[in-house]
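First comes the structure, then the notes that go with it.
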Amino acid sequence: MKVILITLLVIICSAITGFTFSTTQTDKTQQLNKQQVEQWRADIDFMQQELERRHINLYHKVNAVFFKRELTRIKEQLASLTETGLAIELMRLVKQVGDGHTQFAYWGSEHHRFPLELRLFGEDMRVIGIARQHQQLLGAKLIAIEGIAIEKLRKLIEPILQGVENIHSAQQRLVETITVAEILHGLKISQSLGQATFTLQLPTGEEVNINLASLPSEHLNNQVMDSLKKPLPANFKPSKVSIEGLDLQLGNNNQIAYLDFHHYPDFPAMQDFAEDLIELLREKNTQEVIIDLRNNGGGDFFVGLQLAWALIMVDNLNWRDGIYVLTGRKTFSAAMSNAVQYRQLLNARLVGEPTGANPVGYQDAGTFKLPHSGWTVMHSKRFYKFQETSTAGVQPDILVTLDWELFQQGRDNQLEWVLNDIRQRAKN
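Be aware that the sequence shown starts at 2, since it is given in this note's numbering, and climbs by one per residue.
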């Protein structure tokens, strides 16, 4: 079996946005010193106090005696832990609170990522984004990190995943978390924060080892990546009526409006967008609307209701069967809430996969910072019941699983289902 070794180098120079590990970042891999032990002991006490004070019902699933006993155990072990190891311990415990909005997550502090974007198709973890110089590896299957097989990696990582409410969000969080340097180090998968070897399997069966350098998360946007994700069909054109987080495109001679709602703007921005959207859809006599929430991890669902209001103001839309909402495992928090509300308010049909958030449960995240480490901790503030029955995610009206064979060809079979449905109705 031929194995190819490829190394990604990160070069630091004044002309390029670079990075180096600061003393603080390097210290994450060292045992906590005496001062850090005392500070973390105080932070853990503060976290328990604030979670009990702020969470609407902290012990709705986890036993209070067990939770407090585990915190005591962790405090007693502080002198033998690294910061990354401590983070793993706290993530493992906080996950047992049992709701996706209560988190001690890696994104609560500075962290580093390896420049890979992954997605699960069935049991296969596929590369759907990678640094441009390695675009030939797009579509490859991740089979190991640092020589540890993917099956074992999943068993190590799944118990500490944050932001999980069901199997669907667990799948999403797994592919997001497995590329975080601090997680791999804290679980003793990698020896350093700076690099790790990822083993990929090509369609030919050939294995490729890539020695990747990690990047601070805030620098990832500067990394030039190639992706398997493709734009809309050619007959869709971008509209000037778009804002950050909500991109509008019109297709089929302006008869179809596609709204890629991937991020929540603030309320005033959505109000302005809503007014412009009403005017445009009336002017173009648009009939069909597709709202894509598949890549929306949440925000303020009241902002999303502004979009519903705008659409309701447009009488020329096909209100019988012309409104669609695309959902998936990344549809979380407010995006899940809005998906249900759009079904109710807009007579929308939900197409795609179940949402990563549950329609009945604890939501609406509040945050607080630990006084010494500065780590941000999240907690649930409200209990919502968006449907009468409790299900593992909001179930779509039409289940369409993203198909790997089509995806690797640059096709979106979930969106294609909607467009085909529109075409079929037009023929009748």
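Just so it is clear, CB atoms sit at the ideal spot from N, CA and C, and this is done for glycine as well.
The model shown is predicted, which means the values in this text are computed figures rather than measured ones.
{"query": "DSSP three-state assignment for PHE47, whether helix, strand or coil", "result": "helix"}
{"query": "Burial state of ARG133, where buried means 16 or more other Cβ atoms lie within 10 Å", "result": "exposed"}
{"query": "Beta-carbon contacts of GLN202 that lie in its chain and below 7 Å, excluding the five residues immediately before and after", "result": "ALA141, LYS142, ILE144 and GLU208"}
{"query": "Beta-bridge pairing of ALA145 - partner residues as DSSP gives them", "result": "ALA150 and THR200"}
{"query": "Beta-carbon proximity list for VAL1, same chain, < 6 Å, skipping 5 on both sides", "result": "Limits of the chain in this structure are 2 at one end and 429 at the other, which puts residue 1 out of reach."}
{"query": "Distance between GLU39 and THR392 (C-alpha atoms, nearest Å)", "result": "43 Å"}
{"query": "Simplified DSSP state of PRO239, which is helix, strand or coil", "result": "strand"}
{"query": "Proximity below 7 Å, CB of SER338 to CB of HIS56", "result": "no"}
{"query": "Three-pair Cβ contact test at 8 Å for the region 246-256 versus the region 285-295", "result": "yes"}
{"query": "DSSP-derived helix/strand/coil call for THR205", "result": "coil"}
{"query": "Identity of the residue in VAL95, MET126, GLY109 and ARG42 nearest TRP405 by Cα", "result": "MET126"}
{"query": "Three-state secondary structure (DSSP) of MET379", "result": "strand"}
{"query": "Residue range of the unbroken beta strand (DSSP E) whose run includes LEU33", "result": "Unbroken run through LEU33: none, as it is neither H nor E."}
{"query": "Reduced DSSP secondary structure (H/G/I, E/B, other) of LEU213", "result": "strand"}
{"query": "Of the residues GLY305, ASP301 and LEU91, the one placed nearest ARG70, counting alpha carbons only", "result": "LEU91"}
{"query": "Supposed contact pair LEU249 and VAL242 - C-beta distance, whole angstroms, cut 8 Å", "result": "5 Å"}
{"query": "Span separating the alpha-carbon of HIS459 from that of GLY300", "result": "Because the chain in this structure spans residues 2 to 429, residue 459 falls outside the shown range and cannot be described."}
{"query": "Rounded separation between TYR107 and HIS135 - CA only", "result": "27 Å"}
{"query": "Span separating the alpha-carbon of ALA340 from that of ILE168", "result": "18 Å"}
{"query": "Three-state secondary structure (DSSP) of HIS263", "result": "coil"}
{"query": "GLN288 in three-state terms, based on DSSP", "result": "coil"}
{"query": "Three-way DSSP call (helix, strand, coil) for ALA311 in this model", "result": "helix"}
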